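Colleague:
Protein chains: 2
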Amino acid sequence: MSARSARTAPAAFQGERGAFSEEAARILLGPGAPVLPCVRFEDLFLSLKDGRAAAAIVPIENTLAGSVHENYDHLLNFDFPIVAETNVRIVHNLIALKGVPFSKVKRVFSHPVALNQCLNFFTRNPGIERIPFYDTAGSVKMLVEEHLTDAAGIASSVAAEIYGARILRKSIEDDRQNFTRFFLLRTPEFARRHPVPPAAHAHWKTSLVFSTRNTPGSLFRALSAFALRDLNLAKIESRPLRGKPWEYLFYVDFLGRVDTPNARNALNHLAESADFMRVLGCYPKGA
Amino acid sequence: MSARSARTAPAAFQGERGAFSEEAARILLGPGAPVLPCVRFEDLFLSLKDGRAAAAIVPIENTLAGSVHENYDHLLNFDFPIVAETNVRIVHNLIALKGVPFSKVKRVFSHPVALNQCLNFFTRNPGIERIPFYDTAGSVKMLVEEHLTDAAGIASSVAAEIYGARILRKSIEDDRQNFTRFFLLRTPEFARRHPVPPAAHAHWKTSLVFSTRNTPGSLFRALSAFALRDLNLAKIESRPLRGKPWEYLFYVDFLGRVDTPNARNALNHLAESADFMRVLGCYPKGA
Numbered sequence: 003m004s005a006r007s008a009r010t011a012p013a014a015f016q017g018e019r020g021a022f023s024e025e026a027a028r029i030l031l032g033p034g035a036p037v038l039p040c041v042r043f044e045d046l047f048l049s050l051k052d053g054r055a056a057a058a059i060v061p062i063e064n065t066l067a068g069s070v071h072e073n074y075d076h077l078l079n080f081d082f083p084i085v086a087e088t089n090v091r092i093v094h095n096l097i098a099l100k101g102v103p104f105s106k107v108k109r110v111f112s113h114p115v116a117l118n119q120c121l122n123f124f125t126r127n128p129g130i131e132r133i134p135f136y137d138t139a140g141s142v143k144m145l146v147e148e149h150l151t152d153a154a155g156i157a158s159s160v161a162a163e164i165y166g167a168r169i170l171r172k173s174i175e176d177d178r179q180n181f182t183r184f185f186l187l188r189t190p191e192f193a194r195r196h197p198v199p200p201a202a203h204a205h206w207k208t209s210l211v212f213s214t215r216n217t218p219g220s221l222f223r224a225l226s227a228f229a230l231r232d233l234n235l236a237k238i239e240s241r242p243l244r245g246k247p248w249e250y251l252f253y254v255d256f257l258g259r260v261d262t263p264n265a266r267n268a269l270n271h272l273a274e275s276a277d278f279m280r281v282l283g284c285y286p287k288g289a
Numbered sequence: 003m004s005a006r007s008a009r010t011a012p013a014a015f016q017g018e019r020g021a022f023s024e025e026a027a028r029i030l031l032g033p034g035a036p037v038l039p040c041v042r043f044e045d046l047f048l049s050l051k052d053g054r055a056a057a058a059i060v061p062i063e064n065t066l067a068g069s070v071h072e073n074y075d076h077l078l079n080f081d082f083p084i085v086a087e088t089n090v091r092i093v094h095n096l097i098a099l100k101g102v103p104f105s106k107v108k109r110v111f112s113h114p115v116a117l118n119q120c121l122n123f124f125t126r127n128p129g130i131e132r133i134p135f136y137d138t139a140g141s142v143k144m145l146v147e148e149h150l151t152d153a154a155g156i157a158s159s160v161a162a163e164i165y166g167a168r169i170l171r172k173s174i175e176d177d178r179q180n181f182t183r184f185f186l187l188r189t190p191e192f193a194r195r196h197p198v199p200p201a202a203h204a205h206w207k208t209s210l211v212f213s214t215r216n217t218p219g220s221l222f223r224a225l226s227a228f229a230l231r232d233l234n235l236a237k238i239e240s241r242p243l244r245g246k247p248w249e250y251l252f253y254v255d256f257l258g259r260v261d262t263p264n265a266r267n268a269l270n271h272l273a274e275s276a277d278f279m280r281v282l283g284c285y286p287k288g289a
């Protein structure tokens, strides 16, 4: 792909237009960036691989639901560098057709997870039925297409904007501590050609994955590579190692740039006891 | 609940009769133990709480798919001790009505995960259609009830036995390194009244959950409590801490009994740096 098409090819995200992933795309790439909606998480990686997309927006963890383990597996199986991250606050809005007042809403469609995150709203409004739907933004798309005048959806504000619907109630989620962390992935070529200067950001993170020999204390020894050098871990996640029952891969994020002497020493130290190790990316710490 | 009813009340497991969880129940409690099939994982804990069940069979991790994170959350939110564990090899069998030969099978129903774990079988038999179904054992139940003579299900051998169906092809899974680890949970009262003598088993495991203060090196310091005492970790799992974005709970299994001086010292050491800590159980190491 040429540098030009890399700039104009879209960013792949999972879900319908207006999904929270599209919010993440706007934050990471600007509001005007072209996007490519995908059905499955794996499609994000495949579309980057075959050049249909120039970037992929990958949700990696949510503060209520935990890690998106499937995407940890894809990060390993594909080999696209993480070049940025962002944390999107999940704000659930009640959205209906323009002209439909709140008093007319008898049914609310949304993804079951979103419905479950707005239980206080349904307790306060016992006359409104909850109907599980395959997608948050998709529920708004559907009620606009079907011209439903007694229904609403629960989705992001971007979904209301994209489908020309209206927000009836803002931020009806029970828990405001609901954030999803997204990675921005690029091709290795793009990342090489467009490096972010170290001085451009004060705080950086490095993500890596490793497996240890299955010996006593091996994880402790692996983590000592960071702790002994005052490199702070932001996250650790384990995933099963295929073909080796009860052994694990560990995904670690530490605060700092991978190309500092301190981090290089830590990775050399880790490599002494790790069976396998790969850096997944080094990127500015997200807000 | 009296000791007598605790012995005759059933063991709750998730899924239809014949699920892999029922295989685990037979291993953990003997082939004749009464069982209570439940729809959701949460029902396992609720039925133990309200006395409908005397035991719960809880899948906690699979060597291909990883941890069952929902059950880690339930282990924390409910407070039932883990008293045993077992590892069940997931053997997928092609099962049809008695009298239906393999050559007549045009459609195969099963849970999507099971269908995906038998891809080699479908590649070798391109004329057979895969149809996703809500449950492995439920697919066998359905084809017996509907008397389907052109279809088969993929499920455990226990499912064939229970529904009076026949195994056409044994062990059609792609990967034989497919195991699910199950916990046996009891009420605290039952566990107190029926302790397993330490000498009855050579190898023991202890499971616990803790959170650390969000300070640099806190996980490393927490793990040092085990490493410095040569207590080997078998597993570590992280889950988000509700209400504290980007902070985590850690679930750890170590090899050894919780009531040895060495383990007690380790837990005292861990408590110095942990915000929260709870032992979830101490049980013989499963085969």
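Residue numbers (this note's numbering), protein chains in the order written: chain Y, 3 to 289; chain W, 3 to 289. For every residue, glycine included, the Cβ atom is placed at its ideal position computed from N, Cα and C. If you're wondering where the values come from, they're calculated on a predicted model, not measured in any experiment.
1) Check whether the region 266–276 of chain W touches the region 217–224 of chain W, counting contact only when three or more Cβ pairs, one atom from each stretch, lie closer than 8 Å.
2) Using Cβ-Cβ distances below 7 Å, what residues of the region 203–217 of chain Y are close to chain W?
3) Count Cβ pairs between the region 73–85 of chain W and the region 98–116 of chain W that sit closer than 8 Å; are there 3 or more?
4) Which stretch, first to last residue, makes up the beta strand (DSSP E) that contains residue 178/Y?
5) Counting only beta-carbon separations shorter than 8 Å, does residue 1/W have a partner in chain Y?
6) Per DSSP, which one or two residues make a beta bridge with residue 16/W?
7) Measure from the C-beta of residue 275/W to each C-beta in chain Y and report whether the shortest distance is under 8 Å.
8) Relative to the alpha-carbon of residue 282/Y, which residue among 205/Y, 225/Y, 186/Y and 137/Y has its alpha-carbon at the smallest distance?
9) Quick one: is residue 269/W buried, meaning 16 or more other Cβ sit within 10 Å of its Cβ, or exposed?
10) Within 10 Å of its beta-carbon, does residue 232/Y have 16 or more other beta-carbons around it, so buried, or fewer, so exposed?
11) Which residue comes first and which comes last in the alpha helix (DSSP H) that contains residue 140/W?
12) Would you verify that the beta carbon of residue 179/W is, or is not, closer than 8 Å to some beta carbon of chain Y?
13) Any beta carbon from chain Y within less than 8 Å of residue 219/W's own beta carbon?
14) Among 264/Y, 212/Y, 158/Y and 127/Y, which one has its Cα closest to the Cα of residue 116/Y?
15) Please go through the region 173–235 of chain W and give each complete alpha helix (DSSP H) segment of 4 or more residues, from N-terminal end onward.
16) When the Cα atoms are used, what is the spatial distance from residue 191/W to residue 67/W?
17) Are residue 254/W and residue 230/W touching if we call contact CB-CB under 8 Å?
18) Pair every Cβ in the region 165–176 of chain W with every Cβ in the region 91–103 of chain W, then say whether three or more of these pairs are closer than 8 Å.
19) Could you tell me how far apart the beta carbons of residue 200/Y and residue 259/Y are, in whole angstroms, since I believe they sit closer than 8 Å?
20) Just list the residues that DSSP pairs residue 251/Y with in beta bridges.
21) Considering only the beta carbon of each residue, do residue 99/W and residue 145/W sit closer than 8 Å?
22) Using a Cβ cut-off of 8 Å (strictly closer), state whether residue 232/Y contacts chain W.
23) Nearest CA to the CA of residue 129/W: which residue from 109/W, 135/W and 179/W?
24) Counting only runs of 4+ residues fully inside the region 75–130 of chain Y, write out the alpha helix (DSSP H) ranges in chain order.
25) Measuring only between beta-carbons, confirm whether residue 47/W sits less than 8 Å from chain Y.
26) Across the region 240–253 of chain Y and the region 10–30 of chain W, are there enough close Cβ pairs to call them in contact, namely three or more that are closer than 8 Å?
27) Using the Cα positions of residue 3/Y and residue 11/Y, report the straight-line distance between them to the nearest angstrom.
28) Who are the neighbours of residue 240/Y on chain W, taking C-beta pairs under 7 Å?
29) In chain order, what residues of the same chain have a beta carbon less than 6 Å from the beta carbon of residue 216/Y, not counting five sequence neighbours either side?
30) How far does the beta strand (DSSP E) with residue 154/Y in it reach, from first residue to last?
31) Tell me whether residue 11/Y sits in a helix, a strand or coil according to DSSP, three-state version.
Modeller: The relevant details are as follows:
1) yes
2) none
3) no
4) First-last for residue 178/Y: undefined, no H or E at that position.
5) Look at the range of chain W in this structure, 3 to 289, and you will see that residue 1/W is not part of it.
6) 40/W
7) no
8) 186/Y
9) buried
10) exposed
11) 138–147
12) yes
13) yes
14) 158/Y
15) 190–195 and 220–229
16) 33 Å
17) no
18) yes
19) 6 Å
20) 213/Y and 241/Y
21) yes
22) yes
23) 109/W
24) 114–118 and 121–126
25) no
26) no
27) At residue 3/Y the pLDDT is 43, less than 50, meaning the model places this residue with poor confidence and gives no usable figure here.
28) 238 and 239
29) 249
30) 153–157
31) coil
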